[in-house]
Amino acid sequence: MQRIVCTGWGPPEDLVVVDEPDPVPGEGQVAVKVAAAGVNFVDALFVAGTYQIKVPPPFTPGSELAGIVTAVGPGVELLQVGDRVLSSLGLGAFTSHAVLPALGVTRTPDSLALTTAAALVQSYCTAWFALQRRTTVRPDETVLVLGAGGGVGLAAIDVARSMGARVIAAASTAEKLEAARAMGATDTIAYETEDLKVRARELSEGGVDVVVDPVGGPHTDPALRALGVFGRLVVIGFAAGSIATLPANQVLLKNRTVVGVDWGAWAMQHPAGQAVVLDEVLDAVRLGELHPTPPAERPLIEAGAVLRDLLDRRLTGKTVLVP
Ligand SMILES: NC(=O)c1ccc[n+]([C@@H]2O[C@H](COP(=O)([O-])OP(=O)(O)OC[C@H]3O[C@@H](n4cnc5c(N)ncnc54)[C@H](OP(=O)(O)O)[C@@H]3O)[C@@H](O)[C@H]2O)c1
């Protein structure tokens, strides 16, 4: 088997490829031949040592994968060899073969390609948790999604649209805005060149109802000011690198609310609740209510280069690493 190893916190270019014997599942574990591993922003943070949870090297990055069960350990009854599965595992997904606790593995719908399944959990569960648990969206409401061509951004468009809302997408490039339109956004804002607050207010005739913000930095303040009466600012992440400071008067005005979303920590602390969220997402995919876009595919050994592209904002939508 091959796996990617971070031998010291730093740039993704420092990741190395290691060859070693295939792992054997122990009690309560399954072995999975990995079809694809999803790439997420958090993977780059783990490798850089800048995530809120700091994992001492050496470790294998990668937080989600999908593949085929090739062996089951003693005591595993609900899974069998040949099952198509996905898993959200925090670390260790950038590998050709994985040994996973059977309880952390979920069968994928037959209709879902394994590459798409590998890139689904982080982005879609975050967006679902944000819009179905932390706040809600009515069919007559308008949702402004920042970083709309990224993983969480595209998933948020899909989830908001599935709830009947109208979506305005904001992103940096024409390609990302096109991807957002393909996902169901009806209007777009090129937020590096257009005035985000002014355009969002114009497009929503006075103010949007919800802002989904996985980007932070300079875009949060104008997005907050673009919220209408009873608007909700949903804070998901800080991909731009800096954490915005919010003017409290802008929260008070128009009875706005700021909603924090920490799906990752919640999912770890509430595995039963997360299992329900994942079931809801997979059901919505099965029913055709959600439409995850097939990800771009790159070889596993290019993990470092792919994370560099992600950090330099060159990726549109999701990318998976294929062993
Ligand atoms: N709270 C949670 O539970 C949770 C869960 C999952 C992810 N997150 C966080 O959400 C954020 C987005 O994650 P993701 O997986 O969707 O990432 P992604 O696919 O890389 O998308 C992030 C988007 O942020 C924008 N961006 C603006 N400035 C950037 C910069 N300096 N570097 C990189 N991207 C920049 C880019 O869009 P433009 O080029 O169009 O600006 C990019 O498409 C991350 O901060 C991640 O840690 C949080």
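All residue numbers in the sequence shown are consecutive under this note's numbering, ending with 357.
Backbone N, C-alpha and C fix where the C-beta goes; we use that ideal spot for every residue, glycine too.
Put simply, the backbone Cα of Glu175 is about 15 Å away from that of Thr291. Secondary structure at Val356: strand, using DSSP grouped into helix, strand and coil. With respect to the 8 Å criterion, Ala194 and Leu188 are not classified as neighbours on the basis of their beta carbons. For the set Leu258, Thr129, Ala100, the Cα lying nearest the Cα of Leu49 is the one of Thr129. Under the DSSP definition of a beta bridge, Lys67 partners with Ile102, His131.
Nearest to Val68 by alpha-carbon distance, out of Pro59, Pro92, Gly42, Val103, is Val103. In terms of Cβ geometry, Val52 and Arg37 form a close pair [threshold 8 Å]. Ser206 carries a coil assignment under DSSP once its states are collapsed to helix, strand and coil. A contact is defined here as three or more CB-CB pairs under 8 Å, and the region 279-296 meets this definition with respect to the region 250-261. Nearest neighbour of Val201 by Cα position, chosen from Glu209, Ala216, Thr207, Ala208, turns out to be Ala216. A residue is called buried when at least 16 other Cβ atoms come within 10 angstroms of its Cβ; Ala306 does not meet this threshold and is exposed.
Within 7 Å of the C-beta of Ser206 there is at least one heavy atom belonging to ligand 1. Assignment of Gly271 by DSSP, reduced to helix, strand and coil, places it in the coil class. The beta carbon of Met197 sits closer than 6 Å to those of Val171, all from its chain and outside the five residues before and after it, given in chain order.
At the C-beta level, Cys159 and Pro91 stay beyond 8 Å of one another. At a cut-off of 4 residues, not a single continuous stretch assigned as alpha helix (DSSP H) sits fully inside the region 316-341. For Lys210, the shortest separation between its Cβ and any heavy atom of ligand 1 lies below 7 Å. Ranked by Cα distance from Ser157, the options Val73, Leu355, Thr222 are led by Val73. Gln63 counts as buried, since no fewer than 16 other beta carbons sit within 10 angstroms of its beta carbon. Just so you know, the alpha carbons of Leu312 and Gly60 end up roughly 26 Å apart. Non-local C-beta neighbours of Ala105 in its own chain, meaning closer than 6 Å and more than five positions away in sequence, comprise Pro59, Ala65, ordered along the chain. When the beta-carbon positions are compared, Ala213 and Ala152 stay at least 8 Å from each other. Between the region 239-257 and the region 266-279 there are three or more inter-stretch CB-CB distances shorter than 8 Å, so the stretches are counted as touching. By alpha-carbon distance to Val315, the top candidate from Ala132, Gly96, Thr140 is Thr140. For Leu312, the distance from the CB to the nearest heavy atom of ligand 1 is not below 7 Å.
Positions of the beta strand (DSSP E) runs, each at least 3 residues long and wholly inside the region 147-184, are given as 176-179 in order along the chain. In this structure, the alpha-carbon of Ser97 lies about 5 Å from that of Leu123. With respect to the C-alpha of Glu336, the residue from Pro357, Leu211, Pro108 having the closest C-alpha is Pro357. Under the rule that a run must span 4 or more residues, the alpha helix (DSSP H) segments found entirely inside the region 37-99 read 75-82. According to the DSSP assignment, Val285 belongs to the alpha helix (DSSP H) that extends over 282-286.
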